[in-house]
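Enquirer: The numbers in the working numbering rise by one with no breaks, and the one at position 47 of the sequence shown is 510.
So that we are looking at the same thing, I have put the structure below in structure tokens.
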Amino acid sequence: MSQPAYAYIDRSVLHVFHVLADYEAACLHARGRVVEYKGAHEYGYPLLDGEPLIVYTETMKEKNKRSIPPYICAAIDALK
Numbered sequence: 464m465s466q467p468a469y470a471y472i473d474r475s476v477l478h479v480f481h482v483l484a485d486y487e488a489a490c491l492h493a494r495g496r497v498v499e500y501k502g503a504h505e506y507g508y509p510l511l512d513g514e515p516l517i518v519y520t521e522t523m524k525e526k527n528k529r530s531i532p533p534y535i536c537a538a539i540d541a542l543k
């Protein structure tokens with residue numbers, strides 16, 4: 464994506480990884496750090512093959528049991 468985006472882990476007990484285009488909104492919902500994210504995203508999540516990828520960061524499991532790409536794992540590691 465050419466527009467900057469911002470990744471964060473939310474404050475929920477599930478610690479879900481999110482990506483937003485709005486830095487202020489990301490800061491508002493983040494439980495900690497916010498980092499710049501350069502991958503495809505939509506609906507508040509990174510995209511994998513055009514579909515939202517919902518990652519629970521405490522367990523590093525994806526909601527639909529899909530594999531988490533290394534670049535998303537690296538973004539999550541940068542937030543921990």
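Each residue gets a CB set at the ideal place from its N, CA and C atoms; glycine is no exception.
These numbers were taken from a predicted model, which means no experiment stands behind them.
Based on DSSP bridge pairs, tell me the residues matched to residue 481.
Expert: 471
Enquirer: DSSP state of residue 542, grouped into three classes?
Expert: helix
Enquirer: Which partner residues of residue 519 appear in the DSSP bridge assignment?
Expert: In DSSP, residue 519 forms a bridge with 479, 524.
Enquirer: Identify, in the order they occur along the chain, each residue of the same chain with its Cβ nearer than 6 Å to the Cβ of residue 470, setting aside the five sequence neighbours on each side.
Expert: 482, 498, 500, 538
Enquirer: Would you mind working out which of 467, 540, 486, 510 sits nearest residue 523, comparing C-alpha positions?
Expert: Nearest option by C-alpha distance: 540.
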